[in-house]
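Worksheet: one structure, shown below.
Numbering (this note's numbering), first residue to last: 10 to 338.
Below you can see the structure in the form of structure tokens.
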């Protein structure tokens, strides 16, 4: 290999990871369902709704015989609703109705081809459309109408907290799992810095990284989403929040996410650091304990919520905690 070819190959290697990260954050990847509800013993009610900018959003609803609450469950970016089927099964098994869906450009949902249709804030329209569907589906029961919660995984949690305080409706509970409550440029900077350590051209790579960060923030409207999350958090005085983070999560600065809540969240909150937990795998450490703790939190947040309450329903087929210091990694 000539010296010129070697330099070209090194340069291509320098650019590969930043460009891959840029594509990943700029536009969601249309990830297909890799599991189906029957794989988890679930029978879905499939539904389709249209957003305010005319994007078709498709999802599933799971309704046990006598639900005592409803959870709208949102997936991570560049994933699909199939990625949250395990959490859906845990909630359903405890008597909760679950509504989950594919964000635009993911799974079975349509994509937007309009200007701004793929910004980080655009999926809020998807969540709003699904929230309206949920209200129609379960709103005839006043008890369920007052016991509808949001649960978001990673980016889905960013959507949940930005929506909850700005949507004009009350949610008694919001659960965020592996959600990066941080500025996206800070998260990208850390991800790129960590991977850059092995670069053969650190100066070139640092310059590329800075350009990628600026491009992602500009193209996705990341700062606008962060500001909306701040406004929303400040307005959630009567919404109880659970923040689930893994002790071994290296995708974002977990301590910075906790500081976001300290600075901006107006309501009661609980922080649960999952021992041995990693990004998007906290529920896998101990599924039974995970389900029990989440359900106990919802019972405490829902008005007069008791799973033993019996009533007629339409069926288709169940104080702030300061986190400890994280272990050295």
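Backbone N, C-alpha and C fix where the C-beta goes; we use that ideal spot for every residue, glycine too.
Is it right to say residue 166 is buried, meaning 16 or more other beta carbons lie within 10 angstroms of its own, or is it exposed? buried
Comparing C-alpha positions only, which one of 134, 27, 80, 191 sits nearest to residue 351? This structure gives no information on residue 351, because the portion of the chain shown stretches from 10 to 338.
Using alpha carbons as the reference points, say which of 238, 29, 142, 117 lies closest to residue 169. 238
With a CB to CB cut of under 6 Å and the five nearest residues on each side skipped, what residues in its chain are close to residue 243? 273, 275
Do you know offhand how far residue 73's Cα is from residue 99's? 12 Å
If you pair each beta-carbon of the stretch 281-299 with each one of the stretch 183-198, do three or more pairs fall below 8 Å? yes
Applying the criterion that 16 or more other CB atoms from any shown protein chain within 10 Å of the CB defines a buried residue, is residue 174 buried or exposed? buried
First through last residue of the alpha helix (DSSP H) which encompasses residue 267: 263-273
Residue 152 - containing alpha helix (DSSP H), residue span: 151-154
Among residues of its own chain, excluding the 5 on either side of residue 71, which ones have a beta-carbon nearer than 7 Å to its beta-carbon? 51, 53, 97, 101, 106, 107
Top-ranked residue by Cα proximity to residue 114, from 80, 163, 35: 35
Select from 177, 65, 117, 27 the residue whose C-alpha is nearest the C-alpha of residue 42. 117
Is DSSP giving residue 26 helix, strand or coil here? helix
For residue 193, which residues in the same chain have their Cβ closer than 6 Å to its Cβ, ignoring the five residues on either side in sequence? 231
Exposed or buried, which one is residue 14 when buried takes at least 16 other CB atoms within 10 Å? In this prediction, residue 14 has a pLDDT of 42, which is less than 50 and means its spatial position is unreliable; what the coordinates show is noted afterwards. Exposed, by the Cβ-count rule.
What residue range is occupied by the uninterrupted beta strand (DSSP E) comprising residue 117? Neither: residue 117 is in no beta strand (DSSP E) and is coded neither H nor E.
Are there 16 or more other CB atoms within 10 angstroms of the CB of residue 296, so buried, or fewer, so exposed? exposed
Judging by CA-CA distance, which residue of 153, 214, 201 is the nearest neighbour of residue 75? 153
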